[in-house]
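Colleague: Protein chains in written order, with the numbering used here: chain A, 421 to 649; chain B, 263 to 751.
For glycine and all other residues, C-beta sits at the position ideal for the given N, C-alpha and C.
Before I ask anything, here is the structure I am working with.
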Amino acid sequence: MSEEQTILLVEDDRPIREFVASALEGEGYRIVEAGTAAHAAVEAGARRPDLVVLDLGLPDRDGIDFIRDYRAWSAIPILILSARAQEANKVAALDAGADDYLTKPFGVAELLARVRALLRRRQADRDAPEPVIRFGDIAVDCVRRVVERRGEPLHLTQIEYRLLLFLASNPGRVLTHRQLLLQVWGGRGVENHQYLRVYVGHLRQKIEDNPTQPRHILTEIGVGYRFQP
Amino acid sequence: MRIRDYVPALLASIGLTLVVAPLRALLDLSNVALLYVLVVVLSGARYGRGPALLAALAGSLLYAYVFVPPHFSLAITEIQYLLSALILFVVALLVGHLTASLKGRAEEIQAKEKHSRALYDLARRLTATLTHEEVEETAGRFLGEVLQATEARLIAEADFPHPPRPASPAILHAAVERGEPLVVPDPARKLTMVLLPLQGSAGSRIVLGFEITPSVACLESTWGLLKTVASVVAVALERAHFAQVARETEVRMSAEALRNSILSALSHDLRTPLTALVGMADTLTLGKATPERQQAMLHALRGQALAISQQVTNLLDMARLRSGAIELNEAWQPVEEVVGATVQLVKSQWSDREINVDIPMGLPPLRFDAVLIERVLWNLLENAIKYSPAEMPVDIVVRPAGDQVDVMVCDRGPGLPPGGVDELFGLFRRGQVESTIPGVGLGLAIARTIAEAHGGQILADSRPGGGACFRLRLPVGSPPSLEDLEETA
Numbered sequence: 421m422s423e424e425q426t427i428l429l430v431e432d433d434r435p436i437r438e439f440v441a442s443a444l445e446g447e448g449y450r451i452v453e454a455g456t457a458a459h460a461a462v463e464a465g466a467r468r469p470d471l472v473v474l475d476l477g478l479p480d481r482d483g484i485d486f487i488r489d490y491r492a493w494s495a496i497p498i499l500i501l502s503a504r505a506q507e508a509n510k511v512a513a514l515d516a517g518a519d520d521y522l523t524k525p526f527g528v529a530e531l532l533a534r535v536r537a538l539l540r541r542r543q544a545d546r547d548a549p550e551p552v553i554r555f556g557d558i559a560v561d562c563v564r565r566v567v568e569r570r571g572e573p574l575h576l577t578q579i580e581y582r583l584l585l586f587l588a589s590n591p592g593r594v595l596t597h598r599q600l601l602l603q604v605w606g607g608r609g610v611e612n613h614q615y616l617r618v619y620v621g622h623l624r625q626k627i628e629d630n631p632t633q634p635r636h637i638l639t640e641i642g643v644g645y646r647f648q649p
Numbered sequence: 263m264r265i266r267d268y269v270p271a272l273l274a275s276i277g278l279t280l281v282v283a284p285l286r287a288l289l290d291l292s293n294v295a296l297l298y299v300l301v302v303v304l305s306g307a308r309y310g311r312g313p314a315l316l317a318a319l320a321g322s323l324l325y326a327y328v329f330v331p332p333h334f335s336l337a338i339t340e341i342q343y344l345l346s347a348l349i350l351f352v353v354a355l356l357v358g359h360l361t362a363s364l365k366g367r368a369e370e371i372q373a374k375e376k377h378s379r380a381l382y383d384l385a386r387r388l389t390a391t392l393t394h395e396e397v398e399e400t401a402g403r404f405l406g407e408v409l410q411a412t413e414a415r416l417i418a419e420a421d422f423p424h425p426p427r428p429a430s431p432a433i434l435h436a437a438v439e440r441g442e443p444l445v446v447p448d449p450a451r452k453l454t455m456v457l458l459p460l461q462g463s464a465g466s467r468i469v470l471g472f473e474i475t476p477s478v479a480c481l482e483s484t485w486g487l488l489k490t491v492a493s494v495v496a497v498a499l500e501r502a503h504f505a506q507v508a509r510e511t512e513v514r515m516s517a518e519a520l521r522n523s524i525l526s527a528l529s530h531d532l533r534t535p536l537t538a539l540v541g542m543a544d545t546l547t548l549g550k551a552t553p554e555r556q557q558a559m560l561h562a563l564r565g566q567a568l569a570i571s572q573q574v575t576n577l578l579d580m581a582r583l584r585s586g587a588i589e590l591n592e593a594w595q596p597v598e599e600v601v602g603a604t605v606q607l608v609k610s611q612w613s614d615r616e617i618n619v620d621i622p623m624g625l626p627p628l629r630f631d632a633v634l635i636e637r638v639l640w641n642l643l644e645n646a647i648k649y650s651p652a653e654m655p656v657d658i659v660v661r662p663a664g665d666q667v668d669v670m671v672c673d674r675g676p677g678l679p680p681g682g683v684d685e686l687f688g689l690f691r692r693g694q695v696e697s698t699i700p701g702v703g704l705g706l707a708i709a710r711t712i713a714e715a716h717g718g719q720i721l722a723d724s725r726p727g728g729g730a731c732f733r734l735r736l737p738v739g740s741p742p743s744l745e746d747l748e749e750t751a
């Protein structure tokens, strides 16, 4: 891996682009800026960035279309910047293949944390996958299909295990209700978000110290869930 | 039907003859003649003119044949008998005719009375209608009951180019131009289509179209009735139109009032922090403040900007809620999830504030829009944090309350203002009129609007020991069972 990681920043509003670029440059990333989707597509092909930071409201094209086209040839993480009052838009972008989102107005600390998490994940994806996922006092052994808490085996149902595995293998990433239902229930009942909520509730009871204020399985209201190791 | 009326008239004449014939020795001829007249009168009253005529003819012939000597012969020997047979015939004819006319008149009056009762009923029902669709439905039901009409509908001028079959645009225009009802035969269905133009003083051009059987269409009373129907329905339509206009005006006026209050809120409550922002930015640009001061100012700058952002969010939320553009995206979900997520959000903004959460196990899932309920809880928590001393914790307590669930957000602030608690929920209302605490007084109004959209409410209580409790109360409803899910798994 090269010392300097490249981030493609696609944002049409100049002040926001400038402050995001200077914040990221301050952290030692190389920034490629684009103000339009067309320009961004060219830069994405030429510079091969390690991460794309994308504003959903671009002047020349719908950001969601851009994500779909981009996902056709690249698995590079995408971080979306979106205005509030766009819940449906956010979900559509995540379903199209974006990895995470930030709602405007956002702070620099938040931005940097998200960027770091996404780049770290990209690095982890390149490394050989670990057969045991560890977080907090939980260990998930994907080979033996056993979950342990402080060394004690934890009894999970089939659904709970599949749900936990999918969440834990996508740390830091926002998973939409639809993505989770598709992955865990396999397409059946994709519209039945209630099932998902009930099982997330059960899972929290088993793995969280305080299920009402979870540390690992975080709720993204109106969007989905995010797993935090 | 016609024949059926004639048969009893004829049978009555023959029957009378059979009954009276054996008694002819006892009865005077003139009395017998009167009995025949009686039969004619009854036939006329019962069956109308034709049967009365038949009864008169049959009666005269039977009288001449059976009773007038020589018996059982039509031959009449004496001129006197001929005269009495003729007089019987003429009298029977006249009386029968008169009786039948009276019957016809009575029937006509009865039909008219029925129609006017139906019309009265129609007018009464139309007064309860408020919309175009309700008028259409009421008129259709009336025509169906009274004229057995089908397919009744109102055809507005905009729909003239695409009229229902078998009408054509030209016929619709002709009906409106002439102001007269027009009929279009519909041979395929053996019905007649009637196009009734409705003329309102508002200049609207609407046609009431429906289909009736040709036999109903050729009755004179039908057309008299339809004329009245047309004017009654036209008046109802006009009223519906003006009611609509009035509703729209009212909405526009309240939107106008809202816009004014938003403008005044913006000018005061947003300009003040913006002025501070500009001032601090300028001071920092000059670069003359001490480094510590600069740090403090940068920190304040960020805080001010976030506060403005929050106020703008509230204003936008209120505008969206008020415009009715919000669609509830409801789903069954555990209430602890949205509470947990909101607390997490609040803690990211007020990281050093203590927030205690008390949620019992086993609460039923509720049906709500998580994004909007999060706004409610955020607003309640924000108020609690802003209006109470920084060292006092804020408590969130969730409790079932009968067929409802209460989410209470309690603080140790100054408590509720004495008197009007309801005032707090108004737009741009604040606990203290002029306050250094930032905000435009929209939070509670938004919370209440959202809670009510969910069939719930927001209540405010004073807290024992000082402070206030705001309570979001949501109905429990009947969640669907999850058994089918286990099977799928």
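Can you confirm whether S571 (chain B), when its beta carbon is compared against all beta carbons of chain A, has any partner nearer than 9 Å?
Modeller: What you label residue 571 (chain B) is simply residue 309 of the second sequence in a count that begins at 1. By this cut-off, S571 (chain B) is an interface position.
Colleague: The alpha helix (DSSP H) spanning D489 (chain A) covers which residue range?
Modeller: Your numbering for residue 489 (chain A) matches position 69 in the first sequence. Where D489 (chain A) is concerned, the enclosing alpha helix (DSSP H) stretches over 483-491.
Colleague: Starting from D668 (chain B), trace the beta strand (DSSP E) in both directions and tell me its first and last residue.
Modeller: Sequence index remark: in the second sequence, residue 668 (chain B) carries index 406 (1-based). That run of the beta strand (DSSP E) goes 666-672.
Colleague: Put E473 (chain B) into one of helix, strand or coil per three-state DSSP.
Modeller: As a first step, residue 473 (chain B) is located in the second sequence; it is residue number 211 there, counting from the start. In the structure shown, E473 (chain B) sits in a strand (DSSP, three-state: E or B).
Colleague: Quick check on T454 (chain B): buried or exposed, where buried means 16 or more other Cβ atoms within 10 Å of its Cβ?
Modeller: By 1-based counting over the second sequence, the position of residue 454 (chain B) is 192. Residue environment analysis places T454 (chain B) among the buried positions, since at least 16 neighbouring C-beta atoms fall within 10 angstroms of its C-beta.
Colleague: To the nearest angstrom, how far is it from the Cα of S650 (chain B) to the Cα of L704 (chain B)?
Modeller: Taking the second sequence and counting its residues from 1, one reaches residue 650 (chain B) at position 388. Taking the second sequence and counting its residues from 1, one reaches residue 704 (chain B) at position 442. If you take the alpha carbons of S650 (chain B) and L704 (chain B), they lie about 18 Å apart.
Colleague: What are the start and end residues of the alpha helix (DSSP H) that includes Y619 (chain A)?
Modeller: Position 199 of the first sequence, counting from 1, holds the residue named residue 619 (chain A). Here the alpha helix (DSSP H) through Y619 (chain A) covers 613-627.
Colleague: How is Q719 (chain B) classed by DSSP in three states: helix, strand or coil?
Modeller: By one-based count along the second sequence, residue 719 (chain B) stands at place 457. In the three-state scheme derived from DSSP, where H, G and I count as helix and E and B as strand, Q719 (chain B) is classed as strand.
Colleague: Figure out for me which residue from A:G621, A:V560, A:A512 has the closest Cα to the Cα of V594 (chain A).
Modeller: On the first sequence, residue 594 (chain A) is found 174 positions in, with the first residue counted as 1. Ranking the options by Cα distance to V594 (chain A), first place goes to A:A512.
Colleague: Taking CB distances under 9 Å as the criterion, tell me whether E507 (chain A) reaches chain B.
Modeller: Looking up residue 507 (chain A) in the first sequence gives position 87. For E507 (chain A), the nearest CB of chain B lies under 9 Å from its own CB, placing it at the interface with that chain.
Colleague: Could you tell me the alpha carbon to alpha carbon distance between L560 (chain B) and T523 (chain A), rounded to whole angstroms?
Modeller: Residue mapping note: residue 560 (chain B) aligns to position 298 of the second sequence, counting from 1. Residue mapping note: residue 523 (chain A) aligns to position 103 of the first sequence, counting from 1. When the Cα atoms are used, L560 (chain B) and T523 (chain A) turn out to be separated by approximately 22 Å.
Colleague: So which residues of chain A does V601 (chain B) contact, with C-beta pairs closer than 8 Å?
Modeller: Here residue 601 (chain B) is taken as the residue at index 339 of the second sequence, counted from 1. Neighbours of V601 (chain B) on chain A, chain order: T632.
Colleague: If we require 4 or more residues per run, which alpha helix (DSSP H) segments fall completely within the stretch 423-509 of chain A?
Modeller: 434-446, 457-467, 483-491
Colleague: I'd like the list of long-range same chain contacts for I427 (chain A), defined as Cβ closer than 8 Å, with 5 residues on each side in sequence excluded.
Modeller: Residue numbering aside, residue 427 (chain A) sits at position 7 when the first sequence is read from its first letter. Excluding sequence neighbours, I427 (chain A) sits near L444, Y449, R450, I451, V452, P469, D470, L471, V472, V473, V535.
Colleague: So D614 (chain B) is in the alpha helix (DSSP H); what residue range does that whole segment cover?
Modeller: On the second sequence, position 352 is the one that residue 614 (chain B) refers to. Per DSSP, D614 (chain B) belongs to no alpha helix (DSSP H) and is neither H nor E.
Colleague: Are the CB atoms of V445 (chain B) and V438 (chain B) within a distance shorter than 9 Å?
Modeller: As a position in the second sequence, residue 438 (chain B) is number 176, starting the count at 1. As a position in the second sequence, residue 445 (chain B) is number 183, starting the count at 1. No, the pair does not count as a contact, with Cβ atoms beyond the cut-off.
Colleague: In three-state DSSP terms, what is T454 (chain B)?
Modeller: Residue numbering aside, residue 454 (chain B) sits at position 192 when the second sequence is read from its first letter. T454 (chain B): strand per DSSP, three-state reduction.
Colleague: Just checking, does the stretch 295-306 of chain B make contact with the stretch 621-634 of chain A on the three C-beta pairs under 8 Å criterion?
Modeller: no
Colleague: For L638 (chain A), would you say it is in contact with chain B, using Cβ-to-Cβ distances shorter than 9 Å as the test?
Modeller: Numbered from 1 along the first sequence, position 218 holds the residue referred to as residue 638 (chain A). Judged by the 9 Å Cβ criterion, L638 (chain A) is in contact with chain B.
Colleague: Along the chain, where does the alpha helix (DSSP H) containing G321 (chain B) start, and where does it finish?
Modeller: The sequence position of residue 321 (chain B) within the second sequence is 59, counting from 1. Note, G321 (chain B): alpha helix (DSSP H), 311-324.
Colleague: Can you give me the C-alpha to C-alpha distance between V302 (chain B) and E442 (chain B), rounded to a whole angstrom?
Modeller: Here residue 302 (chain B) is taken as the residue at index 40 of the second sequence, counted from 1. Here residue 442 (chain B) is taken as the residue at index 180 of the second sequence, counted from 1. Using only the alpha carbons, I get a separation of about 43 Å.
Colleague: I'd like the list of long-range same chain contacts for L539 (chain A), defined as Cβ closer than 8 Å, with 5 residues on each side in sequence excluded.
Modeller: Here residue 539 (chain A) corresponds to residue number 119 of the first sequence, with the count starting at 1. Only Q425, D470, L471, P497 meet the Cβ criterion.
Colleague: What does A632 (chain B) reach in chain A if we use C-beta pairs closer than 7 Å?
Modeller: By one-based count along the second sequence, residue 632 (chain B) stands at place 370. Counting only Cβ-Cβ distances below 7 Å, A632 (chain B) has contacts in chain A at I641, G642, in chain order.
Colleague: Any C-beta of chain A sitting closer than 9 Å to the C-beta of V775 (chain B)?
Modeller: This structure leaves residue 775 (chain B) out entirely; chain B is present only between 263 and 751.
Colleague: Within 10 Å of its beta-carbon, does L501 (chain A) have 16 or more other beta-carbons around it, so buried, or fewer, so exposed?
Modeller: Taking the first residue of the first sequence as position 1, residue 501 (chain A) is located at position 81. Buried, by the Cβ-count rule.
Colleague: Counting only the same chain and skipping the five closest in sequence on each side, list residues whose C-beta sits under 7 Å from that of P634 (chain A).
Modeller: By one-based count along the first sequence, residue 634 (chain A) stands at place 214. Same-chain partners within the cutoff: R624, E628.
Colleague: Quick check on the burial criterion: 16 or more other C-beta atoms within 10 angstroms. Buried or exposed for K510 (chain A)?
Modeller: Reading the first sequence from its first residue, position 90 is the one you call residue 510 (chain A). Counting every other CB atom within 10 Å of its CB across the protein chains shown gives K510 (chain A) a total of 16 or more, marking it as buried.
Colleague: Using beta carbons (cut-off 9 Å, strictly below), is V619 (chain B) in contact with chain A?
Modeller: Position 357 of the second sequence, counting from 1, holds the residue named residue 619 (chain B). So, interface residue.
Colleague: Determine whether the beta carbon atoms of A271 (chain B) and Y309 (chain B) lie at a separation below 9 Å.
Modeller: Stepping through the second sequence from its first residue, residue 271 (chain B) is reached at position 9. Stepping through the second sequence from its first residue, residue 309 (chain B) is reached at position 47. Against a cut-off of 9 Å, the Cβ pair of Y309 (chain B) and A271 (chain B) comes out as a contact.
Colleague: In whole angstroms, what is the alpha-carbon distance linking L434 (chain B) and V469 (chain B)?
Modeller: As a first step, residue 434 (chain B) is located in the second sequence; it is residue number 172 there, counting from the start. As a first step, residue 469 (chain B) is located in the second sequence; it is residue number 207 there, counting from the start. So the two alpha carbons sit approximately 7 Å from each other.
Colleague: Compute the minimum distance between the beta carbon of E500 (chain B) and the heavy atoms of the ligand COA, and state whether it is under 8 Å.
Modeller: You won't find the ligand COA in this model; it holds no ligand whatsoever.
Colleague: Name, going along the chain, the residues of the stretch 507-536 of chain A whose beta-carbon falls closer than 9 Å to a beta-carbon of chain B.
Modeller: E507, A508, K524, P525, G527, E530
Colleague: Output the distance between the C-alpha atoms of A503 (chain A) and R582 (chain A), rounded to the nearest integer angstrom.
Modeller: Locating residue 503 (chain A) in the first sequence gives position 83, counting from the first residue. Locating residue 582 (chain A) in the first sequence gives position 162, counting from the first residue. Rounded to the nearest angstrom, the two C-alpha atoms are 33 Å apart.
Colleague: Is there a Cβ from chain B that is less than 9 Å from the Cβ of R434 (chain A)?
Modeller: Stepping through the first sequence from its first residue, residue 434 (chain A) is reached at position 14. So, not an interface residue.
Colleague: Considering only the alpha carbon of each residue, which of B:T547, B:L548, B:V513, B:R564 lies closest to L536 (chain B)?
Modeller: Counted from its first residue, the second sequence places residue 536 (chain B) at position 274. Cα-wise, what sits closest to L536 (chain B) is B:R564.
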